[in-house]
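These protein sequences, in sequence, are chains A and B. Position 159 of the first sequence, counted from 1, bears residue number 174 in my numbering, the numbering being contiguous throughout. Position 223 of the second sequence, counted from 1, bears residue number 1065 in my numbering, the numbering being contiguous throughout. Everything on this sheet refers to the single structure shown next.
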Amino acid sequence: MYVAVKGGERAIDNAHKLLADARRGDRDVPELSLAQIDNQLALAVDRVMCEGSLYDRELAALAIKQARGDLIEAIFLLRAYRTTLPRFGASEPLETSAMDIRRRVSATFKDLPGGQVLGPTFDYTHRLLDHTLAEQSEVEEPATAPADGARFKSVAELLAGGGLIEGNDPPADEVGDLTREPLSFPANRDLRLQNLARGDEGFLLALGYSTQRGFGRTHPFAGEIRYGEVEVEFFAEDAGFAVPLGSISVTECQMVNQFTGNGTQAPRFTRGYGLVFGQSERKAMAMALVDRALRARELGEETGAPAQDEEFVLSHSDNVQATGFVEHLKLPHYVDFQSELGLLRKLQAEFDARDAASETPMQDAAE
Amino acid sequence: MSAPVYNFAYLDEQTKRMIRRAILKAIAIPGYQVPFASREMPMPYGWGTGGVQVTASILGPDDKLKVIDQGSDDTTNAVSIRKFFVKTAGVETTTKTNEATVIQTRHRIPEQALTEDQVLVYQVPIPEPLRFLEPRETETRRMHALSEYGLMHVKLYEDIARHGHIATTYAYPVEVGGRYVMDPSPIPKFDNPKLSDSAALQLFGAGREKRIYAIPPHTHVKSLDFEDHPFEPYRHDAQCELCGAMDSYLDEVITDDAGTRMFVCSDTDFCEDRRAAGHHGPQGGPVAAIEKEGAHG
């Protein structure tokens, strides 16, 4: 006899126990510490903080550990935690020209004030597996030079001086926050940038790549990419001035894009902008490409490519939303499936009946 | 890093107020999708975050909560959501439809008629009934504003032209209070008649899509159809093997490798009630013989 499926609660509890066991793995292997994840998987921590929209290395490391290294799951954990935090307001705009630079490269000028600073980068490494890392390895102390405290103007600022690139007016209103107000279309650039900064690295990478291959070409040059520490300031109503909250590390990408001009505007360079927590040039560059592509309408350019389609890009960039909805297909759907089955059987029966009925006249015709 | 302390029913009071405002607006404009600032919940999008936020915002300490998925209290996601509210709100839970004050559901409306003391909260994946006809939100909002629903009727007409029937079997579109066309969430169309003139308040929450909408009590809800092709709810032509019901929505269960099938009520509470009252189908003994799980929570 059929017994209704019971015991869902016990099954869930046991599944969670099994998950905890699988997470820990072989008990003879030392357990990962959060400091190890933070230090040695620092770029994973950066990504989780960025797409999780929460700058806290320790919590991000915890999320990565809890998620068994599944970064989208870790991002989700951080987002869910972020929901519960009180919100005080928006910081003052980051002064990235005052960044303590660890890396800074420009693809548009051979040399520029402040110079090119390679910093810690995979660029120019040969992608050969380094078997010495398989064991405990001795690492040399890096070469250092005294910081000169100089502030490096960005390439965009240098170009702006000559009127060669568009200006960047600060938004007239308070900046939006799509975690507090539902996104509506058309969205302003502040909300678009917020959406892209939280967006999935892989999704933005593919969209940015598509613009390079002709689906909404933006003629980009990597004007400048810089990575380092910037101070975050918050305007305190009580004190009447901006107080520093601390510093965070960010990667900023300023794309310089061609613009042919139109009836009212002279030809000049335009900008695509990318800013992410931590060190992730891939994400910052892809974000800048997509940001510029999304400005097609504003600049009176031809639209129609996926990366230029605001609703398409902004509605599908969030990997927490995407993974939830894709994976919800594994939840039971048998009520709806039964409905479909019923209709299908009916349609098939009608099809067969029509088939049978049409046999006789066919034979008649053949005679 | 200290352990987070959560507010009653997880959401902070400010968020609840924001959601309640959206709910009030939704009730004032039946069937209209009200945008709201959906929060990230500790369960995945697509797994009921909209319903959970609505429930969290209307739940009080004296409420008695029932959570069903596919009509059953024991499907894993229903269990998980019920546990969430036991943990964060400490409210009493029940599997009895008539005892619950708030019922959160996915894909079904309970068989038993609801009363004016009850609220039914639906989990909604895609709130926009026109979405699969027009993917752009900017367009669909305009179509709703102008009551421009011709596209939907053309779709239903094309179904009839091609198949001889309207080929929508669940999430069957309805018109609420003579104005807005609404997606009733993926309930089988068998349940559609229960949407209309219900004594209970019906609230719909779509978390990922950030929309809330409502059917106030005693509101006329019409399933879209044509005069010569009237709306027909579908039901398997069978009786429940356990309780013998001839009028409930049935799940088809495959019982062996040879494809032998049987039908049982999808609404487990309804089925148990009937068996307790002495009804039984071909395979169902009295309810005492069925292994009963202890009270939840």
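Glycine included, every Cβ here is placed at the ideal spot set by N, Cα and C.
8 Å contact criterion, which residue i and residue j should meet: CB distance rounded
i	j	result
residue 27 (chain A)	residue 922 (chain B)	6 Å
residue 114 (chain A)	residue 293 (chain A)	Not really, about 13 Å apart at Cβ, beyond 8 Å.
residue 271 (chain A)	residue 111 (chain A)	Between residue 111 (chain A) and residue 271 (chain A) the Cβ distance is about 16 Å, and since that is not below 8 Å, they are no contact.
residue 291 (chain A)	residue 266 (chain A)	5 Å
residue 357 (chain A)	residue 1078 (chain B)	6 Å
residue 384 (chain A)	residue 325 (chain A)	This structure leaves residue 384 (chain A) out entirely; chain A is present only between 16 and 382.
residue 1062 (chain B)	residue 1038 (chain B)	6 Å
residue 1114 (chain B)	residue 1066 (chain B)	The Cβ separation is near 34 Å, so there is no contact.
Residue-level contact to chain A via CB, residue i, 8 Å cutoff
i	result
residue 1016 (chain B)	no
residue 933 (chain B)	no
residue 783 (chain B)	Residue 783 (chain B) is absent from the structure shown; chain B starts at 843 and stops at 1139.
residue 895 (chain B)	no
residue 844 (chain B)	Its pLDDT being 47, under 50, residue 844 (chain B) is placed unreliably in this model, and the value from its coordinates should be taken loosely. Chain A, which has no Cβ nearer than 8 Å to the Cβ of residue 844 (chain B), makes this no.
residue 917 (chain B)	yes
residue 921 (chain B)	yes
residue 1130 (chain B)	The predicted position of residue 1130 (chain B) is uncertain, since its pLDDT is 44 and thus under 50; no value can be drawn from it.
residue 1055 (chain B)	no
residue 1094 (chain B)	yes
residue 879 (chain B)	yes
Three-state class that DSSP yields for residue i in the structure shown
i	result
residue 990 (chain B)	coil
residue 1107 (chain B)	strand
residue 70 (chain A)	coil
residue 1035 (chain B)	helix
residue 930 (chain B)	helix
residue 270 (chain A)	strand
residue 951 (chain B)	coil
residue 1069 (chain B)	coil
residue 292 (chain A)	strand
residue 849 (chain B)	strand
residue 358 (chain A)	helix
residue 860 (chain B)	helix
residue 1077 (chain B)	coil
residue 200 (chain A)	coil
residue 304 (chain A)	helix
residue 139 (chain A)	coil
residue 1014 (chain B)	coil
residue 51 (chain A)	helix
residue 23 (chain A)	helix
residue 349 (chain A)	helix
residue 1050 (chain B)	coil
Of the listed residues the options, nearest to residue i (C-alpha basis)
i	options	result
residue 252 (chain A)	A:279, A:354 and A:107	A:107
residue 893 (chain B)	B:963, B:1009, B:1081 and B:1002	B:963
residue 308 (chain A)	A:116, A:362, A:220 and A:96	A:220
residue 1021 (chain B)	B:993, B:1030, B:988 and B:908	B:988
residue 1087 (chain B)	B:1112, B:1070 and B:1066	B:1112
residue 218 (chain A)	A:336, A:319, A:105 and A:310	A:336
residue 283 (chain A)	A:212, A:171 and A:195	A:171
residue 957 (chain B)	B:949, B:943 and B:970	B:943
residue 1001 (chain B)	A:332, A:181, A:369 and A:362	A:362
residue 173 (chain A)	A:161, A:148, A:198 and A:239	A:239
residue 1035 (chain B)	B:959, B:852, B:871 and B:950	B:950
residue 216 (chain A)	A:246, A:189 and A:302	A:302
residue 976 (chain B)	B:993, B:969 and B:965	B:993
CB contact check: residue i to chain B, cutoff 8 Å
i	result
residue 318 (chain A)	no
residue 347 (chain A)	yes
residue 34 (chain A)	no
residue 116 (chain A)	no
residue 331 (chain A)	no
residue 335 (chain A)	yes
residue 42 (chain A)	no
Start and end residues, beta strand (DSSP E) containing residue i
i	result
residue 948 (chain B)	944–948
residue 155 (chain A)	Here residue 155 (chain A) belongs to no beta strand (DSSP E), and DSSP marks it neither H nor E.
residue 176 (chain A)	Premise fails: residue 176 (chain A) lies in the alpha helix (DSSP H), 170–176, not in any beta strand (DSSP E).
residue 115 (chain A)	115–120
residue 911 (chain B)	906–911
residue 238 (chain A)	235–251
Opening and closing residue of the alpha helix (DSSP H) in which residue i lies
i	result
residue 898 (chain B)	891–900
residue 225 (chain A)	216–227
residue 1095 (chain B)	Premise fails: residue 1095 (chain B) lies in the beta strand (DSSP E), 1092–1096, not in any alpha helix (DSSP H).
residue 341 (chain A)	334–342
residue 91 (chain A)	86–98
residue 962 (chain B)	Unbroken run through residue 962 (chain B) is the beta strand (DSSP E), 961–965; no alpha helix (DSSP H).
Cβ of residue i within 8 Å of any chain D Cβ
i	result
residue 356 (chain A)	The structure shown contains no chain D; its protein chains are A and B.
Residue i Cβ short of 7 Å to the ligand SAM heavy atom set
i	result
residue 143 (chain A)	Absence of the ligand SAM from the depicted structure is noted, as is the absence of any ligand whatsoever, leaving it without description.
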